[in-house]
Amino acid sequence: MELIFEKSRDGRHGVKLPDKDVPAEGRVPARLRREKDAELPSVSEPEVVRHFTNLSKMNFGVDSNFYPLGSCTMKYNPKFTEKIASSEHFADLHPLQPQLIMGGMLTQGALEIISNLEKLLCEITGMDVFTTHPMAGAHGELTGVMLMAAYHRHKGNAKKFILIPDSGHGTNPASAAIAGYRIKTVSSDSNGVMDLEEFRRKIDDEVAGVMLTCPNTLGVFNPHISEICDLTHEAGGLMYYDGANLNAIMGKVRPGDLGFDIVHLNLHKTFATPHGGGGPGAGPVGVKEYLEPFMPVSRVVRRKDGTFALDYDKPLSVGYISPFYGNFSVLVKAYAYIMLLGKEGLVEASENAVLNANYLKEKLKKDYEIPYDSNCLHEFVVSAAKQAEKGVKALDIAKALINEGIHPPTVYFPLIVKEAMMIEPTETESRETLDSFVDIMKNIARMAERDPGKFADFPANMPVKRPDEVKAARDMDLAFTGTEKGAGG
Amino acid sequence: MIPEDLKYTRDHEWVKMEGGEAVIGITEHAQKELGDITFVELPETGADVSKGDGFATIESVKAASDVYAPVSGKVSAVNEELESSPELINRYPYGQGWICKINVDGDPGAEGLMDAEAYAQFLEENEQ
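Respectively, the protein sequence lines represent chains Y and B.
Counted the way the working numbering counts, the first sequence spans residues 48 to 536.
Counted the way the working numbering counts, the second sequence spans residues 14 to 141.
What follows is the structure in C-alpha cells.
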C-alpha cells in the first residue's frame, strides 16, 4: 500500500486554509522558527478517507480475530468502558486542575475514582496501599523495585541482588538492573516452577528481594510459594509479585495473603483496557502498609470533611515516577470494568480463563509436545520440537496461523522450552472459537508431517507477506524522512 | 564437530587459552539454538569481569541472551567486526565469530570447564 506522502501531488488539497495574517517575523524568535516548510501531503479529501479506511481494514486485532497471545492476556475490551472514559467530564479535565487553587473542587469525581480504584485493587490483591501512577507493566516493576531499594536504604540494609527464576519475564531483570541491583537467576525444576533447593542455596542476606510471576509463564502455580516467602523474609528480603498473570487467580488467591510485599498489576491485561498498539497501558503498584511512606507522590487522600486532595508531603517517597497520576483514562476504564463485573464476575472471568486454557491444552496434547504437562491455569506452553524435526519451527507455525486469520501465540518464550508457543485463550472466547483453533492447529500439525516445504510461503493471504526478519533486525530504517528513503543504519 | 583444543561451559561458551589470554566465543550448538544473530553487545576493552558474569549480549531473531564469562580477568580485546557483521558468529562460531579476549587473573583454572568429550556428552544428556 502506498504511503499517503506517495499519493501527494503538487497543488492538490482537501481543505482550504485561511490566509496567514500573523507575521512570524519579529514575534517568534528565530531559533524557534522552522527553517523549511513542514512536509505535508497534498491530497484530496476522498483520497484521505480512502487511505485511512483501507489502512484500518488491514488492522488485525482482538476486535476482528482470535488473539491467544500468551502472557499478554489479550481479552476483549468492552466498549462501554470507552464510552465512559471519553465522557467530557473525564476527557476534558486538565491534569493540572486539581493542583490549582480551588481547582480541587472541580476534580473531586476524578480524584474519587482514583481513590476508589486503589481500594478495589487493594481488596483484589490483599495489599494495603496502591499507587496508580506507573504507566505500564515494566514501569510498575521499576517502581516496585525502587520501593524495595528505598526501604532497604532507609533500614540501612546492604543489599546487592535480586533473585528471578529463569521462566521470568525479561522485563524483571531489566527493571531490577535499572534500579541498581544485580541479578541472580534460579533454574526451574522438572515441574516448571522455581527450583526450591537451588533457591535455598541462593537466598542470603545480600538478596534485596525475589521477583516472581505466579502462576508463572508456563501457567503453573508455585506450590512452595509460602516457604519461598518465609525464607526471603527471614533473609531480610522482600517478595515482589509480577501481576502479569493475575487473570488466572482473581478472587481465588490474593498475593498479599501469600506473603508478597509488593505487587504490580497490568490493568491493560487483567482489567480489559486496550493494549498492543491500542494502549496506553497502566501498571499500578500495591504494597503492604510498612512500605507506604516510600510510595511515589502525589497520593490521593481524603480530608476529614470527606473531600479528596493530593498529598505531596512524603519525605521518604521515591518521588515522581510519572507526570500527574498515571494514564487517567485507562484507570477510568479499568474502574468501570471492575464495577460492572463485581466480585462474582471477576471470579468467573478467572475460572473461564483457566477452563479455556485447560480445554485447549487437552485438545492439543496429541499433536504437540507439552513439556510441563501439569494442570495449567490461564495459559500453557506447547513445544513445536516434534514439528521442528521436519523443518517446521514455531515461527513457521505462527505464520501458518496468521494465514488462517488467527493471531499467533507468543513464540520462543519462555526460554526454558524449545520451540515454545505460549497459548492464552482468555475467558471471552466461545467454545466454537476454541474448537476452530484446535482444528486449525491439528491441520497445521498434519501439514508439517506431509508437506513441510509449504510453510515457507505463509502467510500468503495477508497484506504483508513473509518479511525477512533477519534483514529487518539487521538493517533497520527507523527514521522516515519525507518521501525519500531514510538514511538507515 | 566440537573442536578438541577448546574448553567449554554449561552455558555453551568456548574458551581457548593462548598464554595468559583466553579467547572466548559461543559454540556451534549455541548459535544454532539462537538462530540468525542480529546484534552483539560487546564489553568495553579494559573492563573487569568475574567468572559467571554476563558480560556480553547476543540478540537473535528469537531472543536476547547473555554471554557468561568462563574465566575472571580483564577484557584485553573485543571482536569489533561483530558490530557490523554479527552473522560471523552463525557462520564461524569457533573462528572469525570469536567475541572477546580476557587477560586471565592468576591461574586460568579449568575448574567447571569441560573438554570436548565432556561437552559432547553434556549436549547429549541435555537433548533428552
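Virtual Cβ for every residue (Gly too), placed ideally from N, Cα, C.
Being a predicted model, the structure only gives us computed values, none of them experimental.
*Name, please, each residue of chain B whose Cβ falls closer than 8 Å to the Cβ of leucine 312(Y).*
Those do not exist, as leucine 312(Y) stays about 26 Å from chain B at its closest Cβ, beyond 8 Å.
*List in chain order: all unbroken alpha helix (DSSP H) runs of 4+ residues lying wholly within the region 115–165 of chain Y.*
126–132, 135–138, 150–153, all fully within the region 115–165 of chain Y.
*By the 10 Å Cβ neighbour count, where 16 or more other Cβ atoms means buried, how is glutamate 130(B) classified, buried or exposed?*
Looking at its Cβ environment, which holds fewer than 16 other Cβ atoms inside 10 Å, glutamate 130(B) is exposed.
*Buried or exposed: aspartate 360(Y), going by 16 or more other Cβ atoms within 10 Å of its Cβ?*
The residue is exposed, with fewer than 16 neighbouring Cβ atoms inside 10 Å.
_My output table needs one value for arginine 229(Y): the three-state DSSP class, helix, strand or coil._
Under the three-state reduction of DSSP, arginine 229(Y) is assigned to strand.
*Helix, strand or coil for lysine 390(Y), going by three-state DSSP, please let me know.*
Helix.
_The beta strand (DSSP E) enclosing glycine 187(Y), as first and last residue numbers_ = Per DSSP, glycine 187(Y) belongs to no beta strand (DSSP E); it is in the alpha helix (DSSP H), 184–202.
*DSSP three-state call for serine 235(Y): helix, strand or coil?*
Taken through DSSP and simplified to helix, strand or coil, serine 235(Y) comes out as strand.
_glycine 283(Y) vs aspartate 304(Y) beta-carbon contact at 7 Å_ = In this structure, aspartate 304(Y) does not lie closer than 7 Å to glycine 283(Y) by Cβ.
_Using the Cβ count rule (16 or more neighbours within 10 Å means buried), how would you classify valine 379(Y)?_
Result: buried.
*In terms of residue numbering, what span does the alpha helix (DSSP H) encompassing leucine 481(Y) cover?*
According to the DSSP assignment, leucine 481(Y) belongs to the alpha helix (DSSP H) that extends over 478–497.
*asked:* Please report the straight-line C-alpha distance between glutamate 86(Y) and asparagine 101(Y), rounded to a whole angstrom.
replied: Going by C-alpha positions, glutamate 86(Y) is about 23 Å away from asparagine 101(Y).
*What residue from Gln155(Y), Leu143(Y), His180(Y), Met152(Y) has the CA that sits closest to glutamate 165(Y)'s CA?*
Glutamate 165(Y) has its Cα closest to that of His180(Y), out of Gln155(Y), Leu143(Y), His180(Y), Met152(Y).
*Quick one: any contact between the region 159–179 of chain Y and the region 338–356 of chain Y, if contact means 3 or more CB pairs under 8 Å?*
As far as the Cβ criterion goes, the region 159–179 of chain Y touches the region 338–356 of chain Y, which means the pair count is three or higher.
*asked:* Cutting at 8 Å between CB atoms, please list the residues of its own chain near glycine 533(Y), excluding the five before and the five after it.
replied: Here glycine 533(Y) scores only 38 on pLDDT, less than 50, and its place in the model is too uncertain to base an answer on.
*asked:* Less than 7 Å between the beta carbons of phenylalanine 427(Y) and isoleucine 470(Y), yes or no?
replied: Yes, these two residues count as a Cβ contact at 7 Å.
*For valine 267(Y), collect the residues of the same chain with a Cβ closer than 8 Å to its Cβ; drop the 5 residues on either side in sequence, then sort them by chain order.*
Once the five neighbours on either side are set aside, the close Cβ partners of valine 267(Y) are Asn238, Gly239, Val240, Tyr419, Ser421, Cys423, Leu424.
*Throw me the rounded Cβ distance for the valine 84(B) and isoleucine 39(B) pair, which I believe falls under 8 Å.*
Contact flag wrong, Cβ pair sits at about 15 Å.
_Please return the same chain residues whose Cβ sits closer than 7 Å to the Cβ of proline 99(B), not counting the five positions on each side in sequence._
Contacts found: Ile50, Thr51, Phe52, Val53.
_Taking the alpha-carbon of alanine 224(Y) as reference, which of Asp236(Y), Thr190(Y), Lys249(Y) has the nearest alpha-carbon?_
Residue Thr190(Y) holds the alpha-carbon nearest to the alpha-carbon of alanine 224(Y) among Asp236(Y), Thr190(Y), Lys249(Y).
*Do you know offhand how far glycine 73(Y)'s Cα is from histidine 60(Y)'s?*
Rounded to whole angstroms, the gap between the alpha carbons of glycine 73(Y) and histidine 60(Y) is 30 Å.
*Using the Cα positions of leucine 101(B) and methionine 174(Y), report the straight-line distance between them to the nearest angstrom.*
Rounded to the nearest angstrom, the gap between the Cα atoms of leucine 101(B) and methionine 174(Y) is 51 Å.
*Rank Val300(Y), His271(Y), Tyr406(Y), Ile417(Y) by C-alpha distance to the C-alpha of phenylalanine 484(Y) and give the top, closest one.*
With distances taken between Cα atoms, phenylalanine 484(Y) lies closest to Tyr406(Y).
*Exposed or buried, what is lysine 104(Y) when buried is set at 16 or more other beta-carbons lying within 10 Å of its beta-carbon?*
With fewer than 16 other Cβ atoms within 10 Å, it is exposed.
*Residue nearest to tyrosine 337(Y) in terms of C-alpha spacing, selected from Lys440(Y), Glu474(Y), Leu194(Y), Ser273(Y)*: For the options Lys440(Y), Glu474(Y), Leu194(Y), Ser273(Y), the alpha carbon positioned closest to that of tyrosine 337(Y) is the one of Leu194(Y).
*Going by the beta-carbon positions, is the gap between leucine 168(Y) and glycine 333(Y) smaller than 7 Å?*
Yes, the Cβ-Cβ distance between leucine 168(Y) and glycine 333(Y) is below 7 Å.
*Leaving aside the five residues before and after lysine 316(Y) along the sequence, list all residues of the same chain whose C-beta is less than 6 Å from its C-beta, in chain order.*
Only Thr120 meet the Cβ criterion.
_In the DSSP output, which residue or residues are listed as bridge partners for lysine 87(B)?_
DSSP output for lysine 87(B) lists Asp61(B), Asn116(B) as bridge partner(s).
*Please go through the same chain and pick out, in chain order, the residues whose beta-carbon is closer than 8 Å to the beta-carbon of leucine 363(Y), but skip the five residues on each side of it.*
Within the same chain, leucine 363(Y) has close Cβ partners Ala197, His201, Pro340, Phe341.
_Sheet register partners of glycine 333(Y) (DSSP bridge)_ = DSSP lists Phe177(Y), Val310(Y) as the bridge partner or partners of glycine 333(Y).
*Taking only the alpha-carbon atoms, compute the straight-line gap between glutamate 17(B) and glycine 48(B) and give it to the nearest angstrom.*
If you take the alpha carbons of glutamate 17(B) and glycine 48(B), they lie about 24 Å apart.
_Bridge partner(s) assigned by DSSP for methionine 469(Y)_ = Methionine 469(Y) pairs with Val428(Y), Thr457(Y).
*Backbone secondary structure at lysine 437(Y) - three-state DSSP*: DSSP places lysine 437(Y) in coil when its eight states are reduced to three.
*Give a yes or no on whether the minimum CB-CB distance between alanine 520(Y) and chain B is below 7 Å.*
Yes, alanine 520(Y) counts as interfacial toward chain B.
*For aspartate 66(B) and tyrosine 81(B), believed in contact at Cβ under 8 Å, the rounded distance*: Confirmed, about 7 Å.
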